[in-house]
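Heads up, the thing below is written out as structure tokens.
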Amino acid sequence: MSEINALPRILVIDDLFGRTHSDRRNEERTSLCGLYLLQDITGDQDGKGSVQRLKRPVAQAYFYRGQHPTSSIPGDLVENDLNGTLKLIADGWNKPPYWSMVLLDLCFYTGRVTEISNKKVEGMPEGRPSDDDPRQYFGLQILSAIKENFPNLPVVILSSKPEDEVSLDYTRLGALGFIPRADERGPDLLKDHIYRNALVPDSSGEIVGHSKALMYVLREIRRSAAQGGRRNLLFRGETGTGKRLFASYSHMQRIAGTLAAPFSVVNCPQISQERFASEFFGHRKGAFTDAKEDKLGIIEIANGGDVFLDEIAELPPGVQAGILKVIEERVFTRLGETTTRTADVRFLSATNSTVIGFREDLLMRLTEGGTITLPPLRERKDDIPLLVEKFVREAEHAAQARERKIEPEAITKLVGYS
19 MSEINALPRI
29 LVIDDLFGRT
39 HSDRRNEERT
49 SLCGLYLLQD
59 ITGDQDGKGS
69 VQRLKRPVAQ
79 AYFYRGQHPT
89 SSIPGDLVEN
99 DLNGTLKLIA
109 DGWNKPPYWS
119 MVLLDLCFYT
129 GRVTEISNKK
139 VEGMPEGRPS
149 DDDPRQYFGL
159 QILSAIKENF
169 PNLPVVILSS
179 KPEDEVSLDY
189 TRLGALGFIP
199 RADERGPDLL
209 KDHIYRNALV
219 PDSSGEIVGH
229 SKALMYVLRE
239 IRRSAAQGGR
249 RNLLFRGETG
259 TGKRLFASYS
269 HMQRIAGTLA
279 APFSVVNCPQ
289 ISQERFASEF
299 FGHRKGAFTD
309 AKEDKLGIIE
319 IANGGDVFLD
329 EIAELPPGVQ
339 AGILKVIEER
349 VFTRLGETTT
359 RTADVRFLSA
369 TNSTVIGFRE
379 DLLMRLTEGG
389 TITLPPLRER
399 KDDIPLLVEK
409 FVREAEHAAQ
419 ARERKIEPEA
429 ITKLVGYS
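Those letters in the sequence shown? Residues 19 to 436, per this note's numbering, in order.
Put into structure tokens, the structure is as follows:
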């Protein structure tokens, strides 16, 4: 059974980088891959010179010319191929491994490949006046067709043309950004777009799967983390959707690139109104009858990190009021003390039910960063084979048993169950 490739799989549609040569590599493509750290998986350059090796690629890239023929010599007529382009997009969008994102050029040169044009750039045609008309860019035609046929597929423009020529058009047609090809920040801009916009599995392997439903959620969490600050999030989903796992993923995204920060889990049904102050704020020895020693509270233990409130619908009204006060004032006091301490935490909350009778002001505070709805497994059928393998291998390891083959018939039955 195949493992998930954590690298994004990007489709690059560009007449310069997508063209092929019969006897050697596309040097412009090789340069782009080296600059942007893209691992070329197109397969049309195999056996044509030395293989380019990147130590830490940021993505895999499949290159497509968007025209026919893909390989051209003097005398050939090069024309744009919208139908062929849409077929390739569909092939990588309707079955895994899915396209994570499309990098799309704007201007595609057409016409006859002449001796003069071939000397300038091998295999490129001389072009027609309409090719350079921003109102007729073939890239915008492709973008319009993607919006109509594949509205959830992320697209970013990568072009040498001026952005202001088409800024309104590409935004209206659903592109998520523009990377100027000559901009030295281009590689960093691409990394940022991959983080914020691409559909990418969890590289840590903690959250298993590559279904689009799953990757939409992971992208939403990363986008929230990219906004920075302590924006509280609510995770809503049925029992078994992995709310704690996704909360942990959100925590790891927020602290990425920094020193480790705490992640404290609170099982809300176990927090009574009587125990709340001691559990959350801590106490001094002797603050009450059973206070045998000083104790740090959850807020202090999680300082600089996140507190995960699991099943918030079960919080008693008095506890809700206490949490609201901490969020609003960002301070707390241990029981038995008068010293005010700073509450430097973010709250991640979860519920599997409609929150009825809950304080509206607290719910508003707990959803400052949004509400993320987690898909049930019946909406993630692509992930079932991977999850089955993970659970079976873990069970074998725990029992020190030999590895067994998972029969395809068993997978089929599990995927078909609802």
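For each residue, glycine too, the CB sits at the ideal point set by N, CA and C.
Local Cβ density within 10 Å of residue i, reported as buried at 16 or more and exposed below that
| i | result |
| --- | --- |
| ILE374 | exposed |
| SER290 | exposed |
| GLN418 | exposed |
| HIS415 | exposed |
| GLY148 | Looking at the sequence provided, one finds Ser at residue 148 rather than Gly. SER148 comes out exposed. |
| GLY84 | buried |
| SER20 | Low local confidence applies: a pLDDT of 44 at SER20 is under 50, so the model's placement there is unreliable, with the coordinate-based value given in what follows. Under this definition SER20 is an exposed residue. |
| ILE134 | exposed |
| TYR435 | exposed |
| THR103 | buried |
| VAL349 | exposed |
| GLY223 | exposed |
| ILE225 | buried |
| ALA320 | buried |
| THR430 | exposed |
Pick from the options that is closest to residue i, judged by C-alpha positions
| i | options | result |
| --- | --- | --- |
| ARG4 | PRO393, VAL283, GLY323 and VAL96 | Because the chain is modelled from 19 through 436, residue 4 falls outside the range shown and cannot be assessed. |
| PRO219 | ALA417, SER436 and PRO26 | PRO26 |
| MET119 | GLY36, PHE350 and LEU217 | LEU217 |
| PRO259 | GLU421, GLY227, LYS303 and LEU277 | For the sequence presented, residue 259 should be read as Thr rather than Pro. Ranking the options by Cα distance to THR259, first place goes to GLY227. |
| ASP362 | GLU346, THR356 and LEU380 | GLU346 |
| LEU342 | THR307, LEU381 and ALA309 | LEU381 |
| THR357 | PHE376, GLY300 and THR38 | GLY300 |
| ALA339 | SER371, GLU378 and ASP308 | GLU378 |
| ASP201 | LEU236, PHE350 and GLU181 | GLU181 |
| PRO75 | TYR116, ARG43, TYR188 and ASP206 | ASP206 |
| ALA77 | GLY93, HIS86 and THR60 | THR60 |
| LEU404 | GLU46, PRO426 and ALA279 | PRO426 |
| ILE197 | GLN154, HIS39, ILE175 and ASN44 | ILE175 |
| GLU46 | TYR155, ARG199, TYR188 and GLY145 | ARG199 |
| ARG352 | MET270, ALA295, GLN288 and TRP111 | ALA295 |
| GLU144 | GLU166, PRO287, ARG71 and ASP94 | ASP94 |
| GLU297 | VAL325, LYS113 and PRO87 | VAL325 |
| LEU333 | LYS113, GLY387 and PHE376 | PHE376 |
| ASN254 | MET270, ARG146, SER371 and SER40 | For the sequence presented, residue 254 should be read as Arg rather than Asn. If we check each option's Cα against that of ARG254, SER371 comes out closest. |
Whether residue i touches residue j by CB criterion (8 Å)
| i | j | result |
| --- | --- | --- |
| LEU232 | ARG398 | yes |
| ARG293 | GLU318 | no |
| ASN101 | THR128 | no |
| GLY157 | TYR54 | no |
| SER500 | GLY141 | The structure shown does not extend to residue 500, since the chain spans only 19 to 436, so no value can be given for it. |
| SER266 | ILE316 | no |
| THR369 | ALA331 | yes |
| PRO152 | VAL184 | yes |
| SER177 | ASP109 | no |
| ASP328 | ARG262 | yes |
| ARG422 | GLY354 | no |
| ARG406 | LEU384 | For the record, residue 406 in the displayed sequence is Val; it is not Arg. Going by C-beta atoms, VAL406 is not nearer than 8 Å to LEU384. |
| CYS125 | LYS179 | yes |
| GLY36 | PHE81 | yes |
| ARG241 | ARG214 | yes |
| LEU161 | GLY192 | yes |
| ILE164 | ILE212 | no |
| LEU277 | THR389 | no |
| GLU256 | PRO394 | yes |
| TRP117 | LEU236 | no |
| PRO280 | GLY247 | no |
Inter-residue CB distance, residue i and residue j (contact presumed, cutoff 8 Å)
| i | j | result |
| --- | --- | --- |
| ASN285 | PHE365 | Contact flag wrong, Cβ pair sits at about 15 Å. |
| ALA305 | ARG272 | With 8 Å as the limit, ALA305 and ARG272 do not qualify as a contact, their Cβ atoms being about 33 Å apart. |
| ASP401 | SER268 | The Cβ separation is near 19 Å, so there is no contact. |
| ALA79 | GLN57 | 7 Å |
| ASN136 | PRO92 | 5 Å |
| THR48 | GLN70 | 6 Å |
| LEU171 | TRP111 | 6 Å |
> Can you list, in chain order, the stretches of the beta strand (DSSP E) that have 3 or more residues and sit fully within the region 157-192?
Replying inline: 173-177
> At what residue ranges does the region 298-356 contain a whole run of the alpha helix (DSSP H), taking only runs of 4 or more?
Replying inline: 316-319 and 335-347
> Can you list the beta strand (DSSP E) stretches of 3 or more residues lying completely in the region 208-278, in chain order?
Replying inline: 251-254
> Which runs of the alpha helix (DSSP H) fall wholly inside the region 364-408 and span at least 4 residues, in chain order?
Replying inline: 378-384
>> Quick check for students: name the residue ranges of the beta strand (DSSP E) that lie wholly in the region 42-98, counting only runs of 3 or more.
In response: 56-58, 77-82 and 95-98
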